[in-house]
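Below: the structure, in structure tokens.
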């Protein structure tokens, strides 16, 4: 049998991610012309433009302690650079606590407290913007066992209210278009549903574990379901877990392959919740809700896809942690396991099998944005932080996959995605994404407070790679995208 040779992109020989100014490093040499993702982020140009436009609205930035960990990971310095570049006046946490009156709403300025000092309520005000990575209502989105259940529930409410999303032909658009069958082991009708849908399933914990404890399970017909489930449980760590903490997700097969390997997409989902004083006397603060998509990067397995080998997860799961644990060649091939979105687009163009050029640019990533816009509309009440007086933003990782029929699937949301930078692609994508996300969150808040509508990313000076998926100023945007992309 001929040995498969994996394509390894040229080495850029550049270990840094962004230069001191954040906007002069040359474009990535692996891409001749970027159409989906462009780096580096134009930090100084963007921040100068924001500062010039909103000079009278820019207030203080609390230099809080403890910004690392899951909140910002290794990106803390990038976050601080953005607030400094925009022109927020830095103030230490201890000083901010003593001078909480400086955060008074009456002066009309936006203040940034990326980590609300000691949960001090003095800073939980409509004129503050903070990073709030996780809230309890996000469970219904980030729990793999609850995601499909809540999509079904929220979609039912939308349909019942006469507000259903419609495709170009007028048909109902729903979650089943972009999700795989997902069942909890605690499901009362588990055996019946599996018996009606035999095949391969991916077993995994209901909350993210960076690829750990995942296992492919083969489920036979109605007469074999119980036997197959018992064999699976006896041979796995799941027998020690609560059934409600384990899910079986229908394995999407056959997937679209790249270089004979399975791939998926890790994109980033930015939610910005904004606040402003009511235009009426004594009214409650008004809220804004905006969702953005960043194209992120493409993740590939390090070995050719083989559907008959269910034991070697390195052939099936693109997660970098899985690849590092299961593939002996990962250290040599790791640069081949992450691509830029434009590399995927260029590869598909070269292969010429999809019937159209630039399919990834013109169809795939717009569909991802449309799906996230739809989810944003359904989950609006869960994600807009109405229990929180200050404005807030958060960044989630979202995994998407394409099957051989070019159907786009939403796999899962990750409230605390990995910020590791194992490859050159990750060293460039992640820090530049953070720079843009913080600048975008700040500008979105400033613009909302001025009552300037946000109808598309073109309205925002900070937008370079992020695309607007949902806007409370223009809720029709999400509906129009579904109608445009789904026949």
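Residue numbers (the UniProt record's numbering): 1 to 487.
Even glycine gets a Cβ: it sits at the ideal position worked out from N, Cα and C.
Cα-Cα separation, residue i to residue j
i: residue 267; j: residue 226; result: 37 Å
i: residue 305; j: residue 181; result: 22 Å
i: residue 259; j: residue 136; result: 41 Å
i: residue 377; j: residue 329; result: 43 Å
i: residue 385; j: residue 413; result: 18 Å
i: residue 187; j: residue 375; result: 24 Å
i: residue 291; j: residue 88; result: 24 Å
i: residue 521; j: residue 176; result: Residue 521 is absent from the structure shown; the chain starts at 1 and stops at 487.
i: residue 156; j: residue 381; result: 15 Å
i: residue 354; j: residue 195; result: 34 Å
i: residue 34; j: residue 352; result: 19 Å
i: residue 7; j: residue 336; result: Summary for residue 7: the model assigns pLDDT 45, below 50, so the residue's position carries little reliability; its value from the coordinates is reported in the next sentence. Their Cα atoms are separated by approximately 7 Å.
i: residue 114; j: residue 61; result: 8 Å
i: residue 214; j: residue 346; result: 32 Å
i: residue 448; j: residue 408; result: 33 Å
i: residue 46; j: residue 434; result: 14 Å
i: residue 148; j: residue 271; result: 20 Å
Contacts around residue i, its chain only, beta-carbon distance under 7 Å, and the 5 residues preceding and following it disregarded
i: residue 164; result: 158, 172
i: residue 326; result: 312, 313, 314
Residue i - DSSP class collapsed to helix/strand/coil
i: residue 134; result: coil
i: residue 98; result: helix
i: residue 184; result: strand
i: residue 401; result: strand
i: residue 123; result: helix
i: residue 294; result: strand
i: residue 339; result: strand
i: residue 169; result: coil
i: residue 250; result: strand
i: residue 314; result: helix
i: residue 487; result: coil
Option nearest residue i by Cα separation, candidates the options
i: residue 302; options: 81, 482, 318; result: 318
i: residue 36; options: 431, 343, 128; result: 343
i: residue 133; options: 481, 82, 438; result: 438
i: residue 411; options: 220, 452, 372; result: 372
i: residue 453; options: 435, 436, 91, 477; result: 477
i: residue 286; options: 387, 245, 335; result: 387
i: residue 457; options: 466, 144, 451, 475; result: 466
i: residue 405; options: 233, 417, 448, 364; result: 364
i: residue 50; options: 94, 85, 277; result: 85
i: residue 421; options: 229, 398, 334, 316; result: 334
i: residue 419; options: 242, 283, 75; result: 75
i: residue 243; options: 183, 218, 272; result: 183
i: residue 63; options: 94, 42, 52; result: 94
i: residue 150; options: 166, 174, 294; result: 174
i: residue 59; options: 323, 48, 108; result: 108
Proximity below 8 Å, CB of residue i to CB of residue j
i: residue 110; j: residue 127; result: yes
i: residue 369; j: residue 129; result: no
i: residue 274; j: residue 338; result: no
i: residue 250; j: residue 201; result: yes
i: residue 463; j: residue 393; result: no
i: residue 264; j: residue 299; result: yes
i: residue 429; j: residue 296; result: yes
i: residue 162; j: residue 198; result: no
i: residue 40; j: residue 432; result: yes
i: residue 401; j: residue 247; result: no
i: residue 460; j: residue 444; result: yes
i: residue 403; j: residue 255; result: yes
i: residue 474; j: residue 455; result: yes
i: residue 269; j: residue 97; result: no
i: residue 179; j: residue 486; result: no
Cβ neighbours of residue i in the same chain (closer than 6 Å, five flanking residues each side left out)
i: residue 511; result: The shown model of the chain, from 1 to 487, leaves out residue 511, and the question about it has no answer.
i: residue 484; result: none
i: residue 72; result: 79
i: residue 446; result: 54, 57, 110
i: residue 21; result: For residue 21, the predicted model reports a pLDDT of 39, less than 50, meaning its position is unreliable; a value from the coordinates is still stated below. Closer than 6 Å at Cβ, skipping near neighbours: 44.
i: residue 192; result: none
i: residue 142; result: 413, 415
Sequence-distant residues of the same chain with beta carbon closer than 8 Å to residue i, five excluded per side
i: residue 362; result: 356
i: residue 146; result: 139, 140, 206
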